[in-house]
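In our numbering, the protein residues as written are 0 to 163.
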Amino acid sequence: MKLVAAFVASLDRELELARNNQSGELDPEHGEVYSRFVDHFVRHILRGIESKDRNVRYRVVQLLAVIMDNIGEIDESLYNLLTWSLNKRIYDKEPNVRIQAVFCLTKFQDDDEKEVIEQNDPEDAIHKLMSLIQNDPSAEVRRASMLNLVDMRMTRPYILERAR
């Protein structure tokens with residue numbers, strides 16, 4: 000997993016260096032190759048997220064959580080597919096899979112509180128994590144949700160309630 004994460008991170012760094020060296024202009028081919036690789040790779044990995052084997056589900060979600068730190072922008076269809084898949088995994092019967100899904104969902108949180116309040120979408124990452132803090136049967140999942148939830152005025156009561 001570290002090898003794959005390092006490879007994706009190096010591709011992202013190469014893309015940033017290409018942007019900086021060309022004074023803000025990027026060769027379209029570099030960006031296209033990187034985004035196509037990430038898209039195909041994530042879609043390939045997501046085929047295992049519905050596996051009957053808990054170890055496969057765990058490793059898929061764990062790998063997604065690791066590489067989410069290293070990828071920049073993704074297209075909207077891949078984002079929708081990822082959020083849909085992760086929203087299913089936060090209700091998995093295995094707590095370890097749910098914890099990794101929480102780690103991955105935290106990458107999709109929006110830091111802008113005004114935008115979160117305006118959208119008021121119960122399917123977004125912040126609302127899902129707040130729901131997990133209160134309702135998940137596993138203490139470790141509740142703890143992971145609490146520790147990874149963005150600290151905003153809206154989320155503070157949930158964090159303080161769980162911390163108590």
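Note that the Cβ used here is the ideal one computed from N, Cα and C, for glycine as well.
Treat the numbers as computed from the prediction; the structure is a model and nothing was measured.
Any beta strand (DSSP E) of 3 or more consecutive residues that is wholly inside the stretch 78 to 159
With a minimum length of 3 residues, no continuous beta strand (DSSP E) run stays inside the stretch 78 to 159.
In three-state DSSP terms, what is Arg163?
For the purposes of this step, residue 163 is taken as residue 164 along the sequence shown, with counting starting at 1. Arg163 falls in the coil class under three-state DSSP.
Below 9 Å between beta carbons: does that hold for Ile132 and Met145?
Position 133 of the sequence shown, counted from the start, is the residue given in the question as residue 132. Position 146 of the sequence shown, counted from the start, is the residue given in the question as residue 145. In contact: Ile132 and Met145 (Cβ atoms closer than 9 Å).
Quick one: what does DSSP say Lys51 is sitting in, helix, strand or coil?
Counting from one through the sequence shown, the residue named residue 51 turns up at place 52. Here Lys51 sits in coil by DSSP.
Any idea if Leu159 is buried or exposed, counting beta-carbon neighbours within 10 angstroms, 16 or more meaning buried?
Along the sequence shown, one-based indexing puts residue 159 at 160. That one is exposed.
With DSSP run on the structure shown, which of helix, strand or coil describes Gly166?
Because the chain is modelled from 0 through 163, residue 166 falls outside the range shown and cannot be assessed.
Rounded to whole angstroms, what's the CA-CA distance from Ser137 to Ile89? Just pull it up for me.
Taking the sequence shown and counting its residues from 1, the one referred to as residue 137 is at position 138. Taking the sequence shown and counting its residues from 1, the one referred to as residue 89 is at position 90. Rounded to the nearest angstrom, the two C-alpha atoms are 11 Å apart.
Just the Cα atoms here: how many angstroms apart are Arg46 and Leu81?
Taking the first residue of the sequence shown as position 1, residue 46 is located at position 47. Taking the first residue of the sequence shown as position 1, residue 81 is located at position 82. When rounded, the distance between both Cα atoms is 11 Å.
Could you check which residue in Met129, Asn95, Ile98 has the C-alpha nearest to that of Gln108?
Locating residue 108 in the sequence shown gives position 109, where the first residue counts as 1. If we check each option's Cα against that of Gln108, Met129 comes out closest.
Does the count of Cβ pairs from the stretch 30 to 44 and the stretch 89 to 104 closer than 8 Å reach three?
Not touching, per the Cβ criterion.
Below 6 Å CB to CB, which residues in the same chain sit around Gln61 once its five sequence neighbours on both sides are set aside?
Locating residue 61 in the sequence shown gives position 62, counting from the first residue. Around Gln61: Gln99.
Grouping DSSP H, G and I as helix and E and B as strand, with all else coil, what is Arg42?
Taking the first residue of the sequence shown as 1, we reach residue 42 at position 43. Helix, per DSSP.
For Ala5 and Lys127, the rounded distance between their alpha carbons
Position 128 of the sequence shown holds residue 127. Position 6 of the sequence shown holds residue 5. One C-alpha to the other measures close to 29 Å.
Contact set for Asp135: own chain, Cβ-Cβ below 6 Å, skip 5 residues either direction:
Within the sequence shown, numbered from 1, the residue matching residue 135 stands at position 136. Excluding residues within five positions, the ones whose Cβ falls inside 6 Å are Arg141.
Among Asn69, Glu28, Phe102, Leu85, whose alpha-carbon lies nearest the alpha-carbon of Leu2?
To locate residue 2, count along the sequence shown from 1; it is residue 3. Taking the Cα of Leu2 as reference, the smallest distance to any Cα among Asn69, Glu28, Phe102, Leu85 is reached at Asn69.
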